[in-house]
Amino acid sequence: MAVALSTLVEEADRYLGSAKIADYCPNGLQVEGRPQVMRIVSGVTASQALLDAAVEAEADLVLVHHGYFWKGENPCITGMKQRRLKTLLKHDISLLAYHLPLDLHPEVGNNVQLARQLDITVEGPLDPDNLKIVGLVGSLSEPMTPRDFARKVQDVMGREPLLVEGSAMIRRVGWCTGGGQGYIDQGVAAGVDLFLSGEASEQTFHSARENDISFIAAGHHATERYGVQALGDYLAKRFALEHIFIDCPNPI
Numbered sequence: 001m002a003v004a005l006s007t008l009v010e011e012a013d014r015y016l017g018s019a020k021i022a023d024y025c026p027n028g029l030q031v032e033g034r035p036q037v038m039r040i041v042s043g044v045t046a047s048q049a050l051l052d053a054a055v056e057a058e059a060d061l062v063l064v065h066h067g068y069f070w071k072g073e074n075p076c077i078t079g080m081k082q083r084r085l086k087t088l089l090k091h092d093i094s095l096l097a098y099h100l101p102l103d104l105h106p107e108v109g110n111n112v113q114l115a116r117q118l119d120i121t122v123e124g125p126l127d128p129d130n131l132k133i134v135g136l137v138g139s140l141s142e143p144m145t146p147r148d149f150a151r152k153v154q155d156v157m158g159r160e161p162l163l164v165e166g167s168a169m170i171r172r173v174g175w176c177t178g179g180g181q182g183y184i185d186q187g188v189a190a191g192v193d194l195f196l197s198g199e200a201s202e203q204t205f206h207s208a209r210e211n212d213i214s215f216i217a218a219g220h221h222a223t224e225r226y227g228v229q230a231l232g233d234y235l236a237k238r239f240a241l242e243h244i245f246i247d248c249p250n251p252i
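Numbered according to the UniProt record's numbering, the sequence shown spans residues 1 to 252.
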């Protein structure tokens, strides 16, 4: 079956509530392609590798978490940006991108989906007094040592995480996928035993060590693979479409 591009975009916008969320980029339809959609290819980032794979898969629409037109970037259509846009326009493929709306969503969001992968029971927001902070807190069904939890993360992510090991067993976890390492201080205030994010900064080590909590950086790309897959599955089921997730590995 096929669905009108406008209908699919309207449903995705409604489902994610994207119009209500201030962001660093436009959310929703970023590049308009053919008016009917039968096949969706999803991925984390609208890189050239993903676009080339979408062309090979004969996709009508590419769905991503990291799209284009970020605040403050050079608006000129040259170099890498020109090649990416040329690929989409030449093959009449649409680009649909959701950033913070996909981090925040309570069903298909990156943070909720990562919790399901790691068997963490979600308890609530990382900072209930500041809902602009997109992280969550939750608990494990059974306490684990930091190294055992890191091994679990490695098994799920398929890559070895960076672990800063604290002294406590892991019962309560705070996390924010992607580049959320700066929220470790909110994790400390929330009383977590471990904070997990995609990336780490130089000061993250000191925050973890001096507050005696564990910290894991599991990869920006790796921690954000699951939300876009879940959104793609939702749209495919909603409109009886074909959905293919294509992982273009990124070690960062």
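For glycine and all other residues, C-beta sits at the position ideal for the given N, C-alpha and C.
CA-CA distance, residue 272 and PHE195? For residue 272 there is no data in the structure shown, the boundaries of the chain being 1 and 252.
Inter-residue CB distance, ASP155 and ARG171 (contact presumed, cutoff 8 angstroms): About 20 angstroms; that fails the 8 angstroms criterion.
Cβ-Cβ distance between ALA115 and ILE216 below 7 angstroms: no
*Could you tell me how far apart the beta carbons of residue 253 and VAL44 are, in whole angstroms, since I believe they sit closer than 8 angstroms?*
In the structure as shown, the chain starts at 1 and stops at 252, and residue 253 therefore has no counterpart that could be examined.
Margin query: Along the chain, where does the beta strand (DSSP E) containing PHE195 start, and where does it finish?
Written below: 194 to 197
Taking 8 angstroms as the cut-off, does the segment 200 to 213 touch the segment 225 to 241 (at least 3 CB pairs, one atom from each stretch)?
no
Q. What residue range is occupied by the uninterrupted alpha helix (DSSP H) comprising PHE205?
A. 202 to 210
* Which residues in the same chain as THR87 place their Cβ atom closer than 6 angstroms to its Cβ, once the five residues preceding and following it in sequence are excluded? -> LEU51
On the three-state DSSP scale, how would you describe THR45? strand
- Go to residue 274, then tell me how far its beta strand (DSSP E) extends in each direction, as first and last residue. A query on residue 274 cannot be resolved here, the shown segment of the chain reaching from 1 to 252 and no further.
With C-beta atoms as the reference, is PRO101 less than 7 angstroms away from ILE21? yes
When you compare only the Cα positions, how much space is there between LEU95 and VAL173?
-> 34 angstroms
From the DSSP secondary-structure annotation, give me the bridge partner or partners of GLU242.
ARG39
**Study point:** ILE133, DSSP secondary structure in three states
**Key:** coil
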